[in-house]
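Trainee: Pasting a structure below so you can have a look.
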Amino acid sequence: MAIKNNQEPSKSRLDPVDILRQQKQALRREIRSRIRAAYPAGNEPNENLLRESGKVFSNLFSLPQYQSAKSIGFFLSMPSGEIQTRDAIKKIVGDGKTLYVPRVGLDFEECDMDLILADTESKTGDEEMFYDKWPKNKWGIPEPPFPDNEGSKSFIAQPGDIDVLLVPGLAFDSNGHRMGQGKGYYDRFIAKMRDREGEDEKKPLLVGVC
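Counting from -14, one number per residue, gives the positions in the sequence shown under this note's numbering.
Structural data, given as structure tokens:
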């Protein structure tokens, strides 16, 4: 006696894109776990992390492209869990570079950001950095404040303004492919900066760090 199977093929199978997304999320969790184990968070930045961060940025400062650059797009680091940028920013400011830093704002779901021209001279003490009094976003990262008055404005980077852009990553593979935190802020920003025809269309030079 034949038995007829009336069951339809399962509709719960994941789309290949969804499978890839889940795999990337799992990899991010593993990498973050390893970072926390290697560089435990504390009240002060981890000494090992600061030392390794210094090694990374010494490579940046030796690049001819950095030395000839007039403007740098640079990120302010989270309090823990990623490469630390405070000492590197001191070096960039000391080298007389024009500095642009990220501002995400309050709408985190929009996943969009601008880089804002930083007033690097606005500090009150030798050890205080120009951004120490800035408001912090939900990741504990200082961001340039929005203008207080309608007549004032922030100087937002436009295509061609930034010569070298530092791009943080959670990890990179041997071919230079980047895995970010998963929100796509830098992907969108880089596309916006390179959405231009002419001699500057390849600017900025991208330098990945993690």
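Beta carbons are placed, not taken as given, at the ideal position from N, Cα and C, and that holds for glycine.
Hey, would you say Val86 sits closer than 8 Å to Ile101, going by beta carbons?
Mentor: Yes. Within cutoff.
Trainee: Tell me which residue opens and which closes the beta strand (DSSP E) that Gly193 is part of.
Mentor: That run of the beta strand (DSSP E) goes 190 to 194.
Trainee: Whose CA, out of Lys168, Gln7, Gly154, Ser159, lies closest to the CA of Leu191?
Mentor: Nearest option by C-alpha distance: Gly154.
Trainee: In angstroms with no decimal places, state the Cα-to-Cα distance between Val78 and Ile16.
Mentor: Their backbone Cα atoms lie some 32 Å apart in a straight line.
Trainee: Given a threshold of 16 other Cβ atoms within 10 Å of its Cβ, counted over all protein chains shown, does Pro129 qualify as buried or as exposed?
Mentor: Buried.
Trainee: Where does the unbroken alpha helix (DSSP H) through Ser18 begin, and where does it stop?
Mentor: Segment 1 to 23, the alpha helix (DSSP H) holding Ser18.
Trainee: Starting from the C-beta of Trp119, find all residues in its chain whose C-beta is less than 7 Å away, skip the five residues before and the five after it, and write them out in chain order.
Mentor: Closer than 7 Å at Cβ, skipping near neighbours: Pro127, Glu128, Pro129, Pro130.
Trainee: Note down the Cα distance separating Ile4 from Phe174, rounded to an integer number of angstroms.
Mentor: Rounded to the nearest angstrom, the two C-alpha atoms are 26 Å apart.
Trainee: On the DSSP bridge list, what partners appear for Thr83?
Mentor: Answer is Ser56.
Trainee: Nearest CA to the CA of Ser53: which residue from Arg6, His162, Thr83?
Mentor: Cα-wise, what sits closest to Ser53 is Thr83.
Trainee: Please identify the residue among Ala156, Ala142, Phe157 whose C-alpha is closest to the C-alpha of Gly58.
Mentor: The shortest C-alpha separation from Gly58 is found at Ala142.
Trainee: In three-state terms, what does DSSP make of Val89?
Mentor: Reduced to three states, the DSSP call for Val89 is coil.
Trainee: Can you give me the C-alpha to C-alpha distance between Ala156 and Phe60, rounded to a whole angstrom?
Mentor: For Ala156 and Phe60, the distance between alpha carbons rounds to 16 Å.
Trainee: Consult DSSP for Arg179 and reduce its assignment to one of helix, strand or coil.
Mentor: Coil.
Trainee: Per DSSP, what kind of secondary structure is Leu35 in: helix, strand or coil?
Mentor: In the structure shown, Leu35 sits in a helix (DSSP, three-state: H, G or I).
Trainee: Sort out for me which residues DSSP pairs Met164 with in a bridge.
Mentor: Paired residues: Ala156.
Trainee: For the beta strand (DSSP E) that contains Ile101, what are its first and last residues?
Mentor: Start and end: 99 to 102.
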